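Beneath this line is the structure, given in structure tokens, with notes to follow.
There are 8 protein chains.
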Amino acid sequence: MLLKPKQKLVFIGDSVTDCDRAKPHGEGLFQALGNGYVSIVDAFLQSSYPELGIRVVNKGTSGNTVRDLTDRWEEDVIEQKPDWLSVMIGINDVWRQYDSPMQIEQHVYIEEYKDKLTELVVRSRKNTENIVLMTPFFIEPNNQDAMRNTMDQYGEVVKAIANEHDCIFVNTQEAFNKVLEDLYPASIAWDRVHPNQTGHAVLAKAFLRAIEFDWQK
Amino acid sequence: MLLKPKQKLVFIGDSVTDCDRAKPHGEGLFQALGNGYVSIVDAFLQSSYPELGIRVVNKGTSGNTVRDLTDRWEEDVIEQKPDWLSVMIGINDVWRQYDSPMQIEQHVYIEEYKDKLTELVVRSRKNTENIVLMTPFFIEPNNQDAMRNTMDQYGEVVKAIANEHDCIFVNTQEAFNKVLEDLYPASIAWDRVHPNQTGHAVLAKAFLRAIEFDWQK
Amino acid sequence: MLLKPKQKLVFIGDSVTDCDRAKPHGEGLFQALGNGYVSIVDAFLQSSYPELGIRVVNKGTSGNTVRDLTDRWEEDVIEQKPDWLSVMIGINDVWRQYDSPMQIEQHVYIEEYKDKLTELVVRSRKNTENIVLMTPFFIEPNNQDAMRNTMDQYGEVVKAIANEHDCIFVNTQEAFNKVLEDLYPASIAWDRVHPNQTGHAVLAKAFLRAIEFDWQK
Amino acid sequence: MLLKPKQKLVFIGDSVTDCDRAKPHGEGLFQALGNGYVSIVDAFLQSSYPELGIRVVNKGTSGNTVRDLTDRWEEDVIEQKPDWLSVMIGINDVWRQYDSPMQIEQHVYIEEYKDKLTELVVRSRKNTENIVLMTPFFIEPNNQDAMRNTMDQYGEVVKAIANEHDCIFVNTQEAFNKVLEDLYPASIAWDRVHPNQTGHAVLAKAFLRAIEFDWQK
Amino acid sequence: MLLKPKQKLVFIGDSVTDCDRAKPHGEGLFQALGNGYVSIVDAFLQSSYPELGIRVVNKGTSGNTVRDLTDRWEEDVIEQKPDWLSVMIGINDVWRQYDSPMQIEQHVYIEEYKDKLTELVVRSRKNTENIVLMTPFFIEPNNQDAMRNTMDQYGEVVKAIANEHDCIFVNTQEAFNKVLEDLYPASIAWDRVHPNQTGHAVLAKAFLRAIEFDWQK
Amino acid sequence: MLLKPKQKLVFIGDSVTDCDRAKPHGEGLFQALGNGYVSIVDAFLQSSYPELGIRVVNKGTSGNTVRDLTDRWEEDVIEQKPDWLSVMIGINDVWRQYDSPMQIEQHVYIEEYKDKLTELVVRSRKNTENIVLMTPFFIEPNNQDAMRNTMDQYGEVVKAIANEHDCIFVNTQEAFNKVLEDLYPASIAWDRVHPNQTGHAVLAKAFLRAIEFDWQK
Amino acid sequence: MLLKPKQKLVFIGDSVTDCDRAKPHGEGLFQALGNGYVSIVDAFLQSSYPELGIRVVNKGTSGNTVRDLTDRWEEDVIEQKPDWLSVMIGINDVWRQYDSPMQIEQHVYIEEYKDKLTELVVRSRKNTENIVLMTPFFIEPNNQDAMRNTMDQYGEVVKAIANEHDCIFVNTQEAFNKVLEDLYPASIAWDRVHPNQTGHAVLAKAFLRAIEFDWQK
Amino acid sequence: MLLKPKQKLVFIGDSVTDCDRAKPHGEGLFQALGNGYVSIVDAFLQSSYPELGIRVVNKGTSGNTVRDLTDRWEEDVIEQKPDWLSVMIGINDVWRQYDSPMQIEQHVYIEEYKDKLTELVVRSRKNTENIVLMTPFFIEPNNQDAMRNTMDQYGEVVKAIANEHDCIFVNTQEAFNKVLEDLYPASIAWDRVHPNQTGHAVLAKAFLRAIEFDWQK
């Protein structure tokens, strides 16, 4: 288990991270962490390692792209002074290219995505020792599908940045691919993006394995 | 892992099981299993064993005592023809004795509790191969507390029935006790009964261990 | 234009037909026909052929399969005594096999689908001169996708019944395929089933062409 | 078909254009274009010419007169940089003279109407190649009716401006008159102003014909 | 003033009478008489003749035709044992012919209207000494308008029945015509049927004059 | 009839005047004048004198005392430039002394009342030819009742100001007293302040008589 | 203190007793006793005599007269088997005579009131040892007021029945009269019937004194 | 009785004081004092001493700690110029340490609590003659419970400040302890903090005794 006593872990991302968390600050009582993978991660951390006193904060916001993260990085990440930071962004960057093809000002193409995400990692590197980068994903098993194909390329960008900047890398698309061998996408997410609890368990397990969570504890 | 392909697993109980599940039938899309331990159990079963096609149904109802279960056992349990059945009941049987001391017709004392729960197990034994009995619990570390003390006695009854009728036994109180060594009750449940996600993770893990779930899968 | 003065045209189907129509009777003022393709068909009939006095009724109901149509055929179709009847059913018959794979009692497999739909056509043949059969569809361009593939087979069943029973046949999947050469599915329907107005225009145009609507009128 | 690939088409007007569009910007997913003629026009453009990628924006606002358009022309029209602009205004300019005769500050008389509308066309002419001017209308067949009579005069003003400034002219009153030969006004609009879908189809068809839409495509 | 101490006056009719009255019984405190002409009549009776103790009951129901009155005449009129009865019906009988021309089962043509209204008057004649028949109306000054023309014919029927059966006759159309010399219909009722308070004052004054109300009292 | 063609009549006061009028401006369609005496006055003016085109505006605000009127007199009265102005204020000035005896900062005692009301009349005198002053009232027949007694004194102040400043005087208390000879207060107003429609008719008739309204017209 | 350990005390009456209690059964957690005098009585009994375990039930229902109590006496009183019963009824019996003078079928005159209340006491006498009769009241200091005068007569009836049938008598009017020497009615109840918390304290104290509650305990 | 005629009594504190009081000012009609102990105290003061005209104001705010009081002391206490001030604060200062152990910025430890509370008393001492300090409490009978133990220490601080600064001291914990000898905590407060009416009666009685309220009056 990589987390140390009293450490603070901040999650940031889009609607998959948000999941109806408390606003403006996603921390504390009354399901403030939302009802997605962040909540599952926290529940397992607290119940398996109650002695550690890990502090989990959810800063995901629905509809965000990497541009939106850039706008709020100072307030929502830097000022939080996290010991651990987990970033999962890019789904909307890609999705808008496919569901709103004419509204091009909403598209974040791959070069901009790469530049902005790199910049965010660099900015946080100074104060945050541990950064986890999770790929965006599309719950579609056909990798010839146009949007899945683009999403895979954005995932490659995440992988490259993680390697270069010494982050922990979590390949969420790969985690979903394994489940999609047995399950059709519609049983996890009607729109192939917003997962039900099964999909959030896929994400939570991928994250917990990456931080070497001990399931037997 | 004790569950076999295509098996059906029914949960029954009170508000801790219910957790805003779909009514009248707690199964299927759109968070129909509620947002408590049943949902976590299902999410881990589906994401770790997608090839099994396990079918999970939530039949918990808020406020129920063992008397209420008796009234609806035929329709909500027998007619479901479950391969696996999990029962967690007794919290309200005890709680009403402490929060509504004058309304004695709402109290279910320990002899009636034992008789009725035994009868339910016997009725289901004919058609259901696997029965899991989970103890009721009170998220209070002081075992000299009057209500905690009573709850422990009801837990002993559950244990005895499980032994006698060859059920899998899950000691939820014990699972909570371990966490309570480090956490104060109010951080898990303001009323010491309805847990937050941390508490539901305690319950889900206790159940999953009992069915020999493989966390590495 | 095949419709004659004062004729009555009844549409029946699932949520794609329903589109929030008035209940229990979808006819008349205040957007009673819903906001989908039925409404567009009616608006074009009334505005282009006001002298005909065509009467349009929407009897679609969300979530329906061919089983549900069978249950309400007498009241919702036969008793309406339509001159024209349009049926589009089958999406939920297929979808439940893919989004709820364990709840097999909700699946309507192809043999049952064929038998029930044939029976409905035969029952209405006696009193209704003109029957239009529209295929179910899945807004997915990849015909190797499992659900699209199944949907195509159900579409073939519809075609065969139309041929055998002298109905007008509308291939909605083909109509969507043409549009999907230029548009990604997410721009028409996030869940690839419930279309936006563009998708409903695809359906309305396919229907209007089948009844030889004169666009220049 | 007069529209070219990737062109942007902006509609502006009053409640007949608005029809519950998204605010502040009427474009994109989730029925953002409202449920009136703009939505029908868009649905036919996208479904018949998906390869063109036409971008449609709805800037109609309920209750507006030509005065209100003047106030928001810079932000809602000029800044949009449309290739095509469609304007339908004047109903409220006239209506207030008849339903609120004492509140004269709400009346926009014909001279002011002519001046302001001319000014708007002139302002947009510099940047927008194609301007469509649609007349206001009153769904009343009796042209001796006082309000209908006034509305006809405003329609004449629109025609004159269109001629002078080389705009495409759409005579919506004429389009309604044809339908009113067979239908009583109350079957299209209870208040003779806000049409149902039949009335919006009249408007959409008149617009689509003006831009030489190919119905056979 | 024709009303005597302690007499009971029942109004029956459609939405113009109903005006959001209390259901099922329109009498008593808290604006139970609705907000239309019935309420104005009652307010003037009570404030000018407080010593009489007149009892006013509103039994109007939105959407009613003479057919609906027939169905509920026993319960809503006969059982009330009114000393005075006021009937204003027929607007919907005519309106449906014009706003829903294809739904002919909703039309009440003039012969049926005459027969049914006559029958109702005859049934009430035995127990109710004073019957007031008010014509239906259409707030449209052009008597060549198709619906206005039909409404006038129904008004003639009411007049004939009143003469033959010795009822007090109130010509509401005539009362509105006088006001329409100066006011355009839209300033009284957007749909030319449901009046604002000015229109209800027209109706209330016509009724009060018919019962020889003393305005100077 | 004292009002002349095209004149504007503004009512100002407290909740008895307000009666849920449109905010911020109480004029025009959709019951903007509220549902109290102002609405009745307007309805009778428009229906009996449609040729005059009288413009009625309601500026009553619930809970107001003469202090509140002073604060908003410029905007709500002077800027309206009324030809006629009707003021009814004072109920809350007195009522707070009786229902909130300890909150003395909410009490407006008789000297302040007299000074402020006089000042308002003087300010409006310059631009408004016709001012109607209506007394406050308390629907209590016992003039020895403490609050009724105080209200009578405020009414005397109103009378004196009207005399001195040449205003039309309306004694609403006297109008109510006449009705209270036959009706118990609870049948007009449960709290003896907010009247039902009978009470509002009392007020409307008193006002209409003061302006020499011709009831026979 | 007259109440003994484990005794059950049932309150019945109208809206003053009801005060938004839980329906159908007014007992237990979550403010089930409503927010009036019954709740205050219970709170003082439980906090001063926690060792007694007194059980309090609220069966008041808004709008009730003694007729309504008669209809539900078996179910709401007899079946409850109370050791103590408190009845306060009559306000609506009198009030309807004054606020709805023409609706005479809603009036319960004094003879009927006396007969019905006597009958209820007799029926309960067999099973209930202790009966408290509270007078109805009217928060009006002027005993020449018509409604107050009538209410006093009903109070006399209550007194007579209490004497004859050996009940504890509580004169609520007298209790209010004392307070009304210093407070104007509007500061306790705007409608002189439904008291605020001060008025409910008056009622609670009168009741508690009648059962010899020890305030020093 | 220590309070004198016309004195003003202000209560300040957290949710136990707040109890849904009117915002921003908790005084006057319509249950503005909330539904907790403040309302009971006021109701008894007004009903037993109506001649005194005591003015009670509730300034409690849910969730407040002594830090929040410091922030709003000037506006909510000093500017009120109370003759009497009652302060009950500290529950949240302690609770957050136990229900949100990781969010340390929300914890108010005992030194800060002592300093801030002392400062507030000193600031008010100049203008307010009478100050009542009520201890915070925890409705838990086990004084070895961690949170109860901490709360007792904060109570000791209150006692010391009261002694030093000549305030009236109310030991609410002691008042609850007495009741807890007979009642289990859950019957007073499910979360052991927010009491039902029984608990608020405990608080109100403790306060009233401290000000030498005469229960026999």
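Residue numbers (the UniProt record's numbering), protein chains in the order written: chain A, 1 to 217; chain B, 1 to 217; chain C, 1 to 217; chain D, 1 to 217; chain E, 1 to 217; chain F, 1 to 217; chain G, 1 to 217; chain H, 1 to 217.
Backbone N, C-alpha and C define an ideal beta-carbon position, used for all residues, glycine too.
Here the structure is a predicted model, which is why all the values come from computation and not from measurement.
Cβ neighbour criterion (16 or more within 10 Å) applied to residue i
i, result
"LYS59 of chain E", "buried"
"GLY63 of chain C", "exposed"
"ILE40 of chain E", "buried"
"LEU69 of chain H", "buried"
"GLN144 of chain B", "exposed"
"ASP71 of chain F", "exposed"
"ASN92 of chain E", "buried"
"TYR154 of chain H", "buried"
"GLN173 of chain E", "buried"
"LYS205 of chain F", "buried"
"LEU2 of chain F", "exposed"
"ILE104 of chain F", "exposed"
"TRP94 of chain B", "Note that residue 94 of chain B is Val in the sequence shown, not Trp. Under this definition VAL94 of chain B is a buried residue."
Partner residues on chain K for residue i, Cβ-Cβ distance less than 8 Å
i, result
"MET147 of chain H", "As a matter of chain content, chain K is missing from the structure shown, whose protein chains are A, B, C, D, E, F, G and H."
Own chain partners of residue i with C-beta closer than 6 Å, once the 5 adjacent residues on each side are dropped
i, result
"ARG55 of chain E", "LYS8"
"SER15 of chain E", "SER62"
"HIS107 of chain C", "ARG96, GLN97"
"LYS116 of chain H", "VAL66, THR70"
"ALA175 of chain D", "VAL202, ALA206"
"THR128 of chain C", "PRO82, LEU85"
Helix, strand or coil at residue i [DSSP, three-state]
i, result
"ASN130 of chain F", "strand"
"ILE12 of chain F", "strand"
"GLY199 of chain B", "helix"
Beta-carbon contacts of residue i that lie in its chain and below 8 Å, excluding the five residues immediately before and after
i, result
"GLU27 of chain F", "LEU33, ARG55, VAL56, VAL57, ASN58"
Same chain only: Cβ atoms within 7 Å of residue i, ignoring 5 sequence neighbours per side
i, result
"ILE110 of chain C", "GLN153, TYR154, VAL157"
Hey, which unbroken runs of the alpha helix (DSSP H) at 4 residues or more fall wholly within the region 36-90 of chain A? Counting whole runs of 4 or more residues, the region 36-90 of chain A contains the alpha helix (DSSP H) stretches 37-48, 66-76.
Are the region 2-14 of chain C and the region 186-196 of chain B touching, with three or more C-beta to C-beta distances below 8 Å? These segments do not touch.
Decide if the region 147-163 of chain B is in contact with the region 120-139 of chain B; the criterion is three or more beta carbon pairs, one per stretch, under 8 Å apart. Yes: the two stretches touch, three or more of their Cβ pairs being nearer than 8 Å.
For the pair the region 38-52 of chain E and the region 199-212 of chain E, tell me if three or more CB-CB distances fall below 8 Å. Output reads yes: the region 199-212 of chain E touches the region 38-52 of chain E.
Only counting runs of 4 or more residues, tell me where the alpha helix (DSSP H) segments fall wholly within the region 145-190 of chain A, in order along the chain. 146-164, 172-180, all fully within the region 145-190 of chain A.
Touch check for the region 173-193 of chain E and the region 94-107 of chain D: three-plus C-beta pairs under 8 Å? Touching, yes, given that three or more Cβ pairs across the two stretches are closer than 8 Å.
Contact between the region 155-171 of chain F and the region 156-166 of chain G: three or more CB pairs below 8 Å? The region 155-171 of chain F, when compared against the region 156-166 of chain G, does not touch it at the 8 Å Cβ threshold.
Please confirm if the region 26-38 of chain D is in contact with the region 19-35 of chain E, defined as three or more CB-CB distances below 8 Å between the two stretches. No, the region 26-38 of chain D is not in contact with the region 19-35 of chain E.
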